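Numbering-wise (our numbering), the sequence shown opens with residue 75 and increments by one.
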Amino acid sequence: MINTVAILETVSYFISSKITNHRLMVEFEHASRHDALTGLHNRNACMEKIDFLTKYSSSVGIVYADVNGLKEINDTLGHQAGDAALRQAARLLTKCYGLENTYRIGGDEFLVLVPLVTELDFKTSVCRLRELVAGKADLSIAIGSEWVADTAHLERVITKTDQRMYCDKVEYYNRRGKKRETRHDLNDFRRMAAKSLPIAD
């Protein structure tokens, strides 16, 4: 005699396992492409976007941003205050450029890639970002920006934008009579991304 209850329990178990496994895979995929602290896309997703944009010619606006004084915030006010500063920076960037274009690529560094934007609209957005940052008494962000009509040499332009951001950061520390903090460059993030997860072709 067929034990209908046992069969249904077995089928139910396998369906439940499949659902659980699928949910875990979805969560893993999300975690591999998103930053847990800020909710932004992470460096893995950023490198994929760079590779994609490089393959297809288009205009793009680039913003390289870095939270100034994060180490000092962590040392004097604690890491919770440092985390709050990073989340606040992420909110300002997404307010100007949208979640889909904003990436956290390092401890205190963010990269924005806005495809198919006009030069005028992009420059206007950068002015708005600077105004928003200037209005925050408890947050300082070094900013470098660049617009290009063709993404063929995108990584080279990102490096240039990074250098502009770094000059802005040096000025920030010079005004305060302090030494600048150490930083990474794009190649560092490529190496770190390669160690964690492969970049899609």
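Built from N, CA and C at the ideal position, the CB exists for glycine as well. All values reported here derive from a predicted model rather than from experimental measurement.
Quick one: grab the DSSP three-state call for residue i.
i    : result
L176 : For clarity, residue 176 is Thr in the given sequence; the question names Leu instead. Correct three-state label for T176: strand.
G209 : coil
Y138 : strand
L190 : coil
A119 : helix
S214 : coil
S199 : helix
L111 : coil
G143 : coil
Output the distance between the C-alpha atoms of residue i and residue j, rounded to the nearest integer angstrom.
i    : j    : result
L228 : Y177 : 16 angstroms
R249 : D242 : 11 angstroms
G180 : Q237 : 16 angstroms
V191 : S219 : 13 angstroms
A208 : V222 : 26 angstroms
A119 : L127 : 12 angstroms
L187 : N175 : 5 angstroms
G156 : L166 : 16 angstroms
G251 : I147 : 17 angstroms
F225 : K129 : The residue asked about is misnamed: residue 225 is Thr in this sequence, not Phe. Roughly 8 angstroms between the two C-alpha positions.
R230 : G172 : 24 angstroms
K234 : H153 : 31 angstroms
I232 : R117 : 14 angstroms
M309 : V244 : Summary: the structure shown does not reach residue 309, with the chain confined to residues 75 through 275, and so no result is reported for it.
P189 : M239 : 20 angstroms
D125 : R161 : 27 angstroms
Is residue i buried or exposed, if buried means 16 or more other CB atoms sit within 10 Å of its CB?
i    : result
S131 : exposed
N142 : buried
L151 : exposed
G135 : buried
K123 : buried
D149 : exposed
I115 : Note on identity: in this sequence residue 115 is His, with Ile being the wrong assignment. It is buried - the Cβ of H115 has at least 16 other Cβ atoms within 10 Å.
T198 : exposed
L203 : buried
Name the residue from the options whose alpha carbon lies nearest to the alpha carbon of residue i.
i    : options                : result
V200 : T192, G156, A164, V137 : V137
D140 : S133, K129, Y246       : Y246
F184 : D195, K169, A163       : A163
C170 : E146, F196, Q154       : F196
D182 : L206, K145, R230, D125 : K145
E206 : T235, E193, T168, I232 : Position check: residue 206 holds Leu in this sequence, whereas Glu was assumed. Of the candidates T235, E193, T168, I232, the one whose C-alpha sits nearest the C-alpha of L206 is T168.
E193 : T235, Y240, S133       : S133
A159 : K210, R117, M121       : K210
Would you say the beta carbon of residue i comes nearer than 8 angstroms to a heavy atom of the ligand NAP?
i    : result
I124 : As far as ligands go, the structure on display features none, and thus does not contain the ligand NAP.
Would you please verify whether the beta carbon of residue i is less than 9 angstroms from any beta carbon of chain D?
i    : result
V200 : Considering every chain present, this structure includes no chain D. It has just one protein chain.
Contact between the region 107-119 and the region 202-214 (3+ Cβ pairs under 8 angstroms)
no
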